[in-house]
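In the order they appear, the protein sequences are chains A and B.
Position in the first sequence (first residue = 1) + 47 = the numbering used here.
Position in the second sequence (first residue = 1) + 589 = the numbering used here.
A virtual CB, placed ideally from N, CA and C, is assigned to each residue, including glycine.
What you are looking at is a predicted structure, and each value in this text was computed from that prediction instead of being measured.
Following: one structure in structure tokens, then a few remarks.
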Amino acid sequence: MTDLAWIDAALTGARPQAVGALLRYFRDLDTAEEAFQDACLRALKAWPLNGPPRDPAAWLIMVGRNAGIDGARRRAKQTVLPDETVLSDTEDAETPLAERLDGADYRDDVLRLMFICCHPDLPATQQVALALRIVSGLSVKQIARAFLVGESAMEQRITRAKTRIARAGVPFETPGPAERAERVAAVAAMIYLVFNEGYSAGGRQDDRGRLADEAIRLSRLLLRLYQTEPEIMGLTALLLLQHARAAARFDAEGEIVLLDDQDRSLWDRRLINEGLALVDKAMRHRRPGPYQIQAAIAALHARAARAADTDWAGIAALYAALERQTPSPVITLNRAVAVSRTEGPQAALDLIAPLEARLAGYFHFYGVRGALLLDLGREAEARVAFNQAIALANTPAEAAHIRRHLDQLTLSGEAH
Amino acid sequence: MLYALLCYNNEAEVFAWDQDQDAAVMARLEAVQQKLDAAGKLGPSLRLLPTTAATTLRKDQDLVIDGPYAETKEQLLGFYLLDIDGLEEGLAIARELAAANPGGAYEIRPIGYFRAGKALG
């Protein structure tokens, strides 16, 4: 790895902590970001000469703070502060700052930084874009490519989001326990949104596909701050276990490969092991929540060496638990799929019959119904359901997947 | 003589590497490891999963703590490699070992990458 690549990784790693601390100091997002950018430019000059500092985040905070003050003074036409190359990496300069950063301040700084990105005034797409820009430090160009929009459109979206936040006011007071729990939950939901942007892109290794990696990094960061929160363990595990299947989810033609048909040797064992370890840790707390239960479901899939080994009864029970926590027809639909494996297609069909009114616009509802009817040999009805599914498909891959079912129906129809 | 080489680095930085950076490091390490392996000098080597996946057992109080061992007054004195089903089994083994040797702590951390090595096989 070149000097630049190492420095780049160090800057990315230190970014949330450094920008979070600068935000607390300057109380203004743009000033904090500019100060951090300044500090990064100085790091690019100073680090190759002097070697990396012992604590990059502390270095960046100190240099960024001076740069921010310097900028403010320059704007006030006052004297310029001494150059940052005079700053050394000495104990006495850094130790007090580093010590303060180890404590609760540090946690609240990073949490605040993540939290302002998911302000309830912001629509989901702006939350995700802002988090990627501010917390992850992706460039506007990278984010624009990830969302398949133009750079200037993305620039505008981010600027609008920042304006809304500035108007809403950034919460600087130290949060109480209830507020902190709310913030953690909001940040978790935002991280899940980032992940879904990447997940829906499939196994692509472009800017959009990389969002899933970024979400995992953010989730691990949140977990490092809240090591004992079972729901954050659950969230991190869920992302790891889902992302582990990325290479197997689409075939060479870009078509969806269902879980049952995936080549499990393509699953990433390292991500699975980390996910399983986190599910184990979370279960010990006996405080189940939606992320933990979804992670436990993903874990049962990950533990099955072959599709036939899947513990469908366990999965059905977990979906039932998830339904009790967050009732939703989509969860019932998922439970029905598991039930069809243990009790047969008729039991599953009975379970989803009452859902039609609420899921009338939902692709997966008709896909599942068609498959269940097909299992029962009710081909004419299956055909109707599959056609309804195709009409509601969100992506060409979804439509192509259902069309394959229909093609098979047609073939068997001809054979009769 | 047997030696252990313990690896320390900044976790936030290492987990900020993208796949290409990570693969480049692993490839350079593999070149060194193959040479050592051929000379019969390399035993098992491994890469731990992040500290967020760790659980710590404080032996005296039988206290299970989420996260890595973070105290500074004790030193790393040894380690075990276990092939087990999961955390509960790991904790059971740790407690059995703790009964035989009380004091201090065990950190239980899953392994992400394992290379057996030819020596000590």
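Are residue i and residue j closer than 9 angstroms when you measure CB to CB?
| i | j | result |
| --- | --- | --- |
| L240(A) | A259(A) | no |
| V217(A) | R180(A) | no |
| L288(A) | A346(A) | yes |
| P657(B) | R617(B) | no |
| K328(A) | D655(B) | yes |
| P277(A) | G336(A) | yes |
| P691(B) | K648(B) | yes |
| A233(A) | C165(A) | yes |
| I1(A) | L365(A) | No statement about residue 1(A) is possible, as the shown extent of chain A runs from 48 to 463 and does not include it. |
| A352(A) | L323(A) | no |
| I399(A) | L369(A) | no |
| L406(A) | P376(A) | yes |
| M778(B) | Y702(B) | Any answer about residue 778(B) is impossible in this case: the structure gives chain B only from 590 up to 710. |
| A354(A) | Q309(A) | yes |
| A385(A) | A349(A) | no |
| R371(A) | L396(A) | no |
| E660(B) | A694(B) | yes |
| Q610(B) | R704(B) | no |
| E80(A) | G118(A) | no |
| L282(A) | A294(A) | no |
| A291(A) | R316(A) | yes |
| L595(B) | L646(B) | no |
| D168(A) | T221(A) | no |
| G115(A) | Y72(A) | yes |
| M280(A) | A342(A) | yes |
What span of residues does the alpha helix (DSSP H) with residue i cover, start to end?
| i | result |
| --- | --- |
| T471(A) | One cannot answer for residue 471(A) here, as it falls past the ends of chain A, which runs 48 to 463. |
| F83(A) | 76 to 97 |
| E302(A) | Neither: E302(A) is in no alpha helix (DSSP H) and is coded neither H nor E. |
| N320(A) | 316 to 330 |
| Q174(A) | 171 to 181 |
| T373(A) | Looking at the DSSP string, T373(A) is not in any alpha helix (DSSP H), and its letter there is neither H nor E. |
| N434(A) | 426 to 439 |
| Y413(A) | 410 to 422 |
| L406(A) | Run containing L406(A): none; DSSP gives neither H nor E here. |
| F242(A) | 224 to 246 |
| I673(B) | No alpha helix (DSSP H) contains I673(B), which DSSP labels as neither H nor E. |
| R617(B) | 608 to 627 |
| T210(A) | 198 to 215 |
| F73(A) | 50 to 73 |
| R333(A) | Segment: none, R333(A) is in no alpha helix (DSSP H) and carries neither H nor E. |
| E728(B) | The structure shown does not extend to residue 728(B), since chain B is modelled only from 590 to 710, so the question has no answer here. |
| D102(A) | That residue, D102(A), is in no alpha helix (DSSP H); it is neither H nor E in DSSP. |
| M280(A) | 277 to 290 |
| A191(A) | 187 to 193 |
| A354(A) | Careful: A354(A) lies outside any alpha helix (DSSP H) and carries neither H nor E. |
| R271(A) | 258 to 272 |
| A601(B) | 600 to 603 |
Since residue i and residue j should fall inside the 8 angstroms C-beta cutoff, what is the C-beta to C-beta distance between them, to a whole number of angstroms?
| i | j | result |
| --- | --- | --- |
| V182(A) | M161(A) | 6 angstroms |
| D422(A) | P392(A) | 4 angstroms |
| E244(A) | R257(A) | About 10 angstroms separates the two Cβ atoms, so there is no contact after all. |
| I303(A) | R296(A) | 7 angstroms |
| R57(A) | P99(A) | It should be noted that the sequence gives Ala, not Arg, for residue 57(A). At roughly 6 angstroms, the Cβ-Cβ gap stays under 8 angstroms, so A57(A) and P99(A) are in contact. |
| I238(A) | A262(A) | 5 angstroms |
| I190(A) | A176(A) | 6 angstroms |
| E428(A) | L456(A) | Actually they do not touch by this definition, with Cβ atoms about 11 angstroms apart. |
Identify every residue that forms a DSSP beta bridge with residue i.
| i | result |
| --- | --- |
| E696(B) | T645(B) |
| D465(A) | Since the first and last residues shown for chain A are 48 and 463, residue 465(A) lies out of range. |
| R704(B) | S634(B) |
Go to residue i, then tell me how far its beta strand (DSSP E) extends in each direction, as first and last residue.
| i | result |
| --- | --- |
| V653(B) | 652 to 655 |
So with CB distances below 7 angstroms, who are the chain D contacts of residue i?
| i | result |
| --- | --- |
| P699(B) | Checking the listed chains, one finds no chain D in this structure; the protein chains it contains are A and B. |
Could you tell me whether the region 76 to 95 of chain A touches the region 630 to 645 of chain B, where touching means 3 or more Cβ pairs closer than 8 angstroms?
Contact between the region 76 to 95 of chain A and the region 630 to 645 of chain B is absent, because fewer than three Cβ pairs lie under 8 angstroms.
Any 3 or more C-beta pairs closer than 8 angstroms across the region 404 to 418 of chain A and the region 364 to 382 of chain A
yes
For the region 651 to 668 of chain B and the region 625 to 634 of chain B, state whether three or more C-beta atom pairs, one from each stretch, are separated by less than 8 angstroms.
no
Three or more beta-carbon pairs under 8 angstroms between the region 441 to 451 of chain A and the region 591 to 602 of chain B, yes or no?
Two segments are said to touch when three or more pairs of C-beta atoms, one from each, lie closer than 8 angstroms; by this definition the region 441 to 451 of chain A does not touch the region 591 to 602 of chain B.
Does the region 191 to 201 of chain A come within contact of the region 268 to 275 of chain A, defined as at least 3 CB pairs closer than 8 angstroms?
The region 191 to 201 of chain A and the region 268 to 275 of chain A do not touch, with fewer than 3 CB-CB distances between them shorter than 8 angstroms.
Segment contact flag, the region 201 to 211 of chain A with the region 59 to 70 of chain A, C-beta cutoff 8 angstroms, min 3 pairs:
no
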